Amino acid sequence: MLQLIIIAAYFLGMIVIGIVSRKQARGIDDFFVAGRKGSTLLITGSLLATIVGGSATVGMAGLGFSRGLSGAWWLLVGSIGLVVLGLFLAKKVRAFGLYTLPELVARQYDSRVGLAASVLIVVAWVGVIAAQIIASGTLLSVLGMGSPLLWMVVFTIIFITYSVLGGQQAVIRTDAVQTGIILAGIFGGLALVISRLGGWSGLVGALPTGHFTFPVSPEFSGYELISLLLLVGLTYVVGPD
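In structure tokens, the structure reads:
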């Protein structure tokens, strides 16, 4: 019962943020790009929530189990990509004053290339968003809280509702809240596991030898690292996030 109350409070909080953001929106800039006034803290929180979402946390747990610490490269290469984006491209992209990546592509090339970019982004992000929703529904069902399909539908409705209500302002603000929840859950869970295993030495002893080998390991080669840098890291440099 307590779990349901907590989840209901979370859902309600997300909707309230959407309603408040809707009231504060003054035009199309506010809806699509949060008035271009997002603070560094809010933007960082939004990116963290976007990247370290359900698909990443559930997927990273599996990678950590099978590959050890070197499995962390799946998100680390994304972090490298975002640093490159922030240092070398963000100001140039912002200077165009556009709303979407396909608009930028069309401006630089032509409308046909912009249309192709739109199609590619839609196809790719259907999978990304679906992974988030599936992870959310799966997690709650594992906790014994009903059917995964039911929770997938509920999460989808909540996501759509606050996004449509408040636009990008609502997305950034809800992301900031979700980042706090995610980080608290990750570090709280880590502390609990370490405590139950009798400290850090107990954790190391419970895992296979070499599980903390980094940056490469027998389970994760240098070739795989280079592949991730090219195939995953670069998508963070040019992605529509």
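Using my numbering, you'd call the opening residue of the sequence shown number 1179 and step up by one each time.
Glycine residues also receive a C-beta, built at the ideal position from the N, C-alpha and C atoms.
In this text, all values refer to a predicted model and were calculated from it rather than measured experimentally.
Express the C-alpha separation of LEU1263 and LYS1269 in angstroms, rounding to a whole number.
-> Position 91 of the sequence shown, counted from the first residue, corresponds to residue 1269. Position 85 of the sequence shown, counted from the first residue, corresponds to residue 1263. Take the alpha-carbon of LYS1269 and the one of LEU1263: they are about 9 Å apart.
Proximity to THR1222 [Cα-Cα], best of VAL1291, ASP1353, LYS1201 and LEU1409 | Here residue 1222 corresponds to residue number 44 of the sequence shown, with the count starting at 1. Nearest C-alpha to THR1222: ASP1353.
For MET1330 versus ILE1311, is the C-beta distance shorter than 9 Å?
-> Counted from its first residue, the sequence shown places residue 1330 at position 152. Counted from its first residue, the sequence shown places residue 1311 at position 133. ILE1311 sits close to MET1330, with the two beta carbons spaced by under 9 Å.
DSSP beta-bridge partners for PHE1398?
-> In the sequence shown, counting from the first residue as 1, residue 1398 sits at position 220. In the DSSP output, where bridge partners are listed per residue, PHE1398 has SER1395.
Kindly indicate which three-state DSSP category VAL1230 falls into: helix, strand or coil?
-> In the sequence shown, residue 1230 corresponds to position 52, counting from 1. In this structure, VAL1230 counts as coil in the three-state DSSP scheme.
Between the CA atoms of LEU1247 and ALA1384 - distance to the nearest angstrom | In the sequence shown, counting from the first residue as 1, residue 1384 sits at position 206. In the sequence shown, counting from the first residue as 1, residue 1247 sits at position 69. Rounded to whole angstroms, ALA1384 to LEU1247 spans 14 Å at the Cα level.
Around the C-beta of THR1218, are 16 or more other C-beta atoms found within 10 angstroms, so that it is buried, or is it exposed?
-> By 1-based counting over the sequence shown, the position of residue 1218 is 40. So THR1218 counts as exposed.
Work out the CA separation of TYR1287 and ILE1185 for me, nearest whole Å.
-> As a working mapping, residue 1185 is identified with position 7 in the sequence shown. As a working mapping, residue 1287 is identified with position 109 in the sequence shown. Near 46 Å, if we compare the C-alpha coordinates of TYR1287 and ILE1185.
Residues near LEU1226 in its chain [Cβ-Cβ closer than 6 Å; skip 5 each side] = Numbered from 1 along the sequence shown, position 48 holds the residue referred to as residue 1226. Around LEU1226: THR1357.
Between the beta-carbon of ALA1250 and the beta-carbon of GLY1242, is there less than 9 Å?
-> Here residue 1250 refers to the residue found at position 72 when the sequence shown is read from its first residue. Here residue 1242 refers to the residue found at position 64 when the sequence shown is read from its first residue. The answer is yes: Cβ separation under 9 Å.
Looking at C-alpha atoms only, which residue of PRO1393, PRO1396 and PRO1280 is the closest neighbour of LEU1293?
-> Walking along the sequence shown from the start, residue 1293 turns up at place 115. Among PRO1393, PRO1396 and PRO1280, the Cα nearest to that of LEU1293 is on PRO1280.
From LEU1253, VAL1394 and ASP1208, residue whose alpha carbon lies closest to that of ALA1228 | Counted from its first residue, the sequence shown places residue 1228 at position 50. Per the sequence presented here, residue 1228 reads as Thr, with Ala not at that position. For THR1228, the nearest C-alpha among the options comes from LEU1253.
From ARG1200 to ALA1362, what does the alpha carbon distance come to, in whole angstroms?
-> As a working mapping, residue 1200 is identified with position 22 in the sequence shown. As a working mapping, residue 1362 is identified with position 184 in the sequence shown. Cα-Cα distance, rounded: 28 Å.
Proximity below 9 Å, CB of LEU1190 to CB of ARG1351 | The sequence position of residue 1190 within the sequence shown is 12, counting from 1. The sequence position of residue 1351 within the sequence shown is 173, counting from 1. Against a cut-off of 9 Å, the Cβ pair of ARG1351 and LEU1190 comes out as no contact.
When you compare only the Cα positions, how much space is there between GLN1346 and LEU1328?
-> Here the question's residue 1346 lines up with position 168 in the sequence shown. Here the question's residue 1328 lines up with position 150 in the sequence shown. GLN1346 and LEU1328: Cα-Cα distance of roughly 27 Å.
CA-to-CA distance, ARG1214 to GLN1202, given in whole angstroms | In the sequence shown, the residue the question calls residue 1202 occupies position 24. In the sequence shown, the residue the question calls residue 1214 occupies position 36. Each residue's alpha carbon lies about 14 Å from the other.
Can you tell me which of SER1314, LEU1298, LEU1407 and ARG1245 puts its alpha carbon nearest to the alpha carbon of PHE1390?
-> As a first step, residue 1390 is located in the sequence shown; it is residue number 212 there, counting from the start. When only C-alpha atoms are compared, the closest one is ARG1245.
Is there at least one non-hydrogen atom of the ligand MN closer than 8 Å to the beta-carbon of LEU1276?
-> For the structure depicted, the ligand MN is absent and the ligand set is empty, with no information on it obtainable.
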